[in-house]
Structure formats: structure tokens, C-alpha cells
Amino acid sequence: MSNEMETAGTPLAERMRPKTLEDMMGQEHLLSPGSFLAKTIGSGRIFSVVFWGPPGSGKTTLARLMGKDTDYPFRAFSAVTSGIKELRQILSEAREEKTRSNKPTVLFVDEIHRFNKAQQDAFLPHVESGLIILIGATTQNPSFEVIPPLLSRARVIVLHPLGKDDLKSLLLRAISDKEQGLGILDIEITPEAIDHIVELSQGDARVALNNLESAVYFTIDEQSDTPIRLGLKTIEKALNRKALPYDKDGEQHYDIISAFHKSLRGSDTQASVYWLYRMLMAGEDPLFICRRMIRFASEDVGLADPNALPIALAAFDAWQKVGPPEAELALAEAAVYLASAPKSNALYLSEKAAKGEIKKSGPQPVPLHIRNAPTQMMMKLGYSRGYIYPHNYPGAWVDQEYLPNEIKNHIFYRPTQRGFEQEIRKRMERLYRAKHRKKGNKQKEGSDPKQ
């Protein structure tokens, strides 16, 4: 079976792109009657703006509608396929237009986050002078990906993923639309099939329409009669499994690894397993996940469970030696162990305390009695003189100072009373009492390890 749309070769998602604001699905917070953006577009008095939202939320469509509803010249420009050379040509034409009609050129830059700082800098003087009105579109957080001078001259407008009801309406419109959609075909689709396409789309209108189109033409090839019947099993067969949306260089990458780390810290084994497999199924680098678990083992578990670090390291080693899919279980084993382990950030706090003291007091001299003395000259200078060998004493311990005199009473590591750190704490307290029993010296306020 063939039809006019198939020979035209234009994807359904492009054919169904809204031609007016009224055709837009979702984004009610921006486009409801009387809203600021709707009034702005309707009046033709537009401004530089960066549309920030997930794929398929309508960024490009809104940009085109902003340009269409003004009498300014409109140019589209992709950061993926174009560069500075093309930008210079557009700016040259914009100057000619400005001279001829005194009108600015509306320049739409898709995926503006793909431009580096120097390339983004090239827009600045022309936005400032009014030569161009810049409309950028990005899936990434503009505060990270767009240079501050450009952000200060443009308004950031946030778009949301389309809701399920919006996607259902869009799909049904595409099925019934005889001019731009699939209406010239005789299609019957069940509610369950619609729901499945919606679930797979993850709020992305483009994905929803592409999946619908793929399912329709798959079914046309499979059956010769009409109507074209699309049920749940047909959709599942046609589309198989959709890869989870995940940008390994974008905000979602950091959001999900943050959710994973915080779930481990919060001792939520169920959430830890969920976020782990969200990353693995979306194609995240497993060794990146392993490195984060290794860091977590020291930062958030520490000596409360000395086995945490070896288990995290073993997961890293297992992935390198075994690989997918078998080694995924090694990562899950490590994640569950870390989540269920007793927690302590005492090592992390000791790191901060030690670094802070070093920055504050500077490089203090090493006490003479614990310096290395490999030569006669160093020995004559007093290096290593008075050092007492601990193993010659009961318990392999002797009262002896190891810190520089300026900070000799400081305490950096304060073990908790959780897990194995309870034993470490008891030993430190015994040594503390033994050290100060005869001296009668008091440490600085707040330096007692019991505190």
C-alpha cells in the first residue's frame, strides 16, 4: 500500500508541526490565553530568548512561530551543521536588511549549547546593537551551557515535557488528519496501543509521532487488508524496546548520578538499585558509576565498614575483566552493599579539617625526632634524635609526639560510634587517656575525640 505522504518523504512529526499557537500541545504555563508569551508573539514585539526544554517539547516550533508572526526577516541556524562562516554570511545579510528597512533579523539558533564560548561570544555585539534578535533552543541547562553575557541579554523560557493527555490528543489528531497526518489511511487503534506509544515517548512529541508512523507502516507491510488495526501487541512488535532518554553530557546525567549517590547515602537499597539500572540501561559508562561508588565508599561509609572500599574496587575490576551483561550484577552487589552499610563521613571531615589547618597555619616543620636521617650530617643536626621505636613497648605504643609543635593538640579524625568505627574510637580513647594520664595537659576546647 502506498500513499501521497509516503512518496513525499516528509516525516509525520514534521508534517504535524503546529502552524499556529492554537495548534500547540502542552505548555499551558506559557501559551494560555492572555499569557505573557502569547501576547508577545501575537503583538509581533519579540525579544531575544533562550528556550530550554527536553526534546520534542516544542522549542523549534515556538521559535518559528515567533519569527512567523513578525514582519522581521527570519533565519534558522543549527549549531550542529553550521559554524562561524555561515554566521558571518547571515550577519552580512542582516546588515543589508537593516540598512534597507531598519528591521532586525530574527536569528534562530538550534542547539545553541553546542557552540563553545568563543562562538557564542560572536553573537554578543550584534544582539547588543539590535542587528539580530536571537532565539536559542537548548536541551541543556543554559546556566551551564550558555555564556553569562549572552544570558543577561536574553530571557530564558522553560518548556516542560508534554503530558500524557496532550500526547494522546496529538496522536489521535495525526491519525485523523487527512491533509498532514495519516487520515487518508483507514486506521483503527486501541486505547491500550495509544497508551503504550505515549509511555514510550517519555513526553517527547517527536518520538510519539515517529513511533506511530513506524508502527503504521510496519503493520501495512504485515497485513494486506484494511482497516489497519493497531493493538497493543502490534505496537510492541513494531517498536520493540525503546532506549531510555539519557544525555551522558547533559543535566540528566548529573541528576541521575546525584539521585544514585543520595540514595546510597540515605541507605535506600531499592532506590539505589533503580537508579543504577536507569544509568546502565541508558548507556552510561559503567566505569564512571564504579568510580563514583569507590568515592562513596570512602566518603560516606569510610571505616564504619572497611569492606566497603574493597567491594567497590572489586566491582570496578569485575567490569573490566568480565564486562556486560554479567558484570552488571557485580555493580548491583556493590550498590546494595554500600547502601546497606553503616555510614560515616568522618574521613571526609578529617580531610577538610586537615586541609583547612594546612592552609591556615602553613607548612609546619617536621619535628626533629621523626625526621629521616640517612647521613651523618643529618644525625649531627639532630635528625631522628630521641625517636622511640613503638614496637619495643607493650601494645606497640609509646607516648611520643608526631605532630608539629604548633598544632600538636589538634584532632582531625573523629570516628563515629557506628560500625567498625566504634572499635577505632575505643582504641583512640584508650590511647588518649594513656597519653594524658601523667601529663595532666588539657587539649584545646573541642579537641577531645569524645566530642
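So in UniProt numbering the end of the sequence shown lands on 451, straight run, no missing numbers.
The beta-carbon is built from N, C-alpha and C at its ideal position, and this holds for glycine as well.
Beta-carbon spacing of residue i, residue j below 8 Å
i, j, result
"residue 123", "residue 151", "no"
"residue 48", "residue 146", "no"
"residue 234", "residue 193", "yes"
"residue 188", "residue 232", "no"
"residue 340", "residue 269", "yes"
"residue 13", "residue 210", "yes"
Contact belief for residue i with residue j at Cβ below 8 Å, rounded distance in angstroms
i, j, result
"residue 311", "residue 337", "5 Å"
"residue 205", "residue 239", "About 16 Å separates the two Cβ atoms, so there is no contact after all."
"residue 181", "residue 173", "7 Å"
"residue 37", "residue 157", "7 Å"
Residue range of the alpha helix (DSSP H) that includes residue i
i, result
"residue 214", "205-222"
"residue 322", "Residue 322 -> no alpha helix (DSSP H), and no H or E assigned at all."
"residue 288", "286-296"
"residue 15", "12-15"
"residue 75", "Run containing residue 75: none in the alpha helix (DSSP H); it sits in the beta strand (DSSP E), 74-78."
"residue 397", "Premise fails: residue 397 is in no alpha helix (DSSP H) and is neither H nor E."
"residue 344", "That residue, residue 344, is in no alpha helix (DSSP H); it is neither H nor E in DSSP."
"residue 375", "Unbroken run through residue 375: none, as it is neither H nor E."
"residue 258", "251-265"
"residue 385", "It is not in any alpha helix (DSSP H) - residue 385 carries neither H nor E in the DSSP assignment."
"residue 469", "The displayed coordinates of the chain run from 1 to 451. Any statement about residue 469 would go beyond what the structure contains."
Helix, strand or coil at residue i according to DSSP, with G and I counted as helix
i, result
"residue 90", "helix"
"residue 46", "coil"
"residue 421", "helix"
"residue 243", "A caution first: residue 243 carries a pLDDT of 48, below 50, which makes its placement in the model unreliable, though a value can still be read off. Looking at residue 243 - three-state DSSP - the assignment turns out to be coil, as it is neither helix nor strand."
"residue 188", "strand"
"residue 404", "coil"
"residue 230", "strand"
"residue 40", "helix"
"residue 127", "helix"
"residue 105", "strand"
"residue 51", "strand"
"residue 23", "helix"
"residue 110", "strand"
"residue 436", "helix"
Cβ neighbours of residue i in the same chain (closer than 6 Å, five flanking residues each side left out)
i, result
"residue 415", "346, 421, 424, 425"
"residue 400", "388"
Chain-order list of residues whose beta-carbon lies under 7 Å from that of residue i (same chain, five-residue window excluded)
i, result
"residue 94", "105, 131, 132"
"residue 390", "396, 397, 398"
"residue 298", "309, 347"
N-terminal and C-terminal residue of the beta strand (DSSP E) that residue i is part of
i, result
"residue 136", "132-138"
"residue 416", "Note, residue 416: premise wrong, no beta strand (DSSP E); not H, not E."
"residue 157", "155-158"
Cutoff 8 Å: residue i Cβ touching any chain C Cβ
i, result
"residue 406", "Annotation note: the requested chain C is absent from the structure, which comprises a single protein chain."
Own chain partners of residue i with C-beta closer than 8 Å, once the 5 adjacent residues on each side are dropped
i, result
"residue 290", "312, 315, 316, 319, 331, 334"
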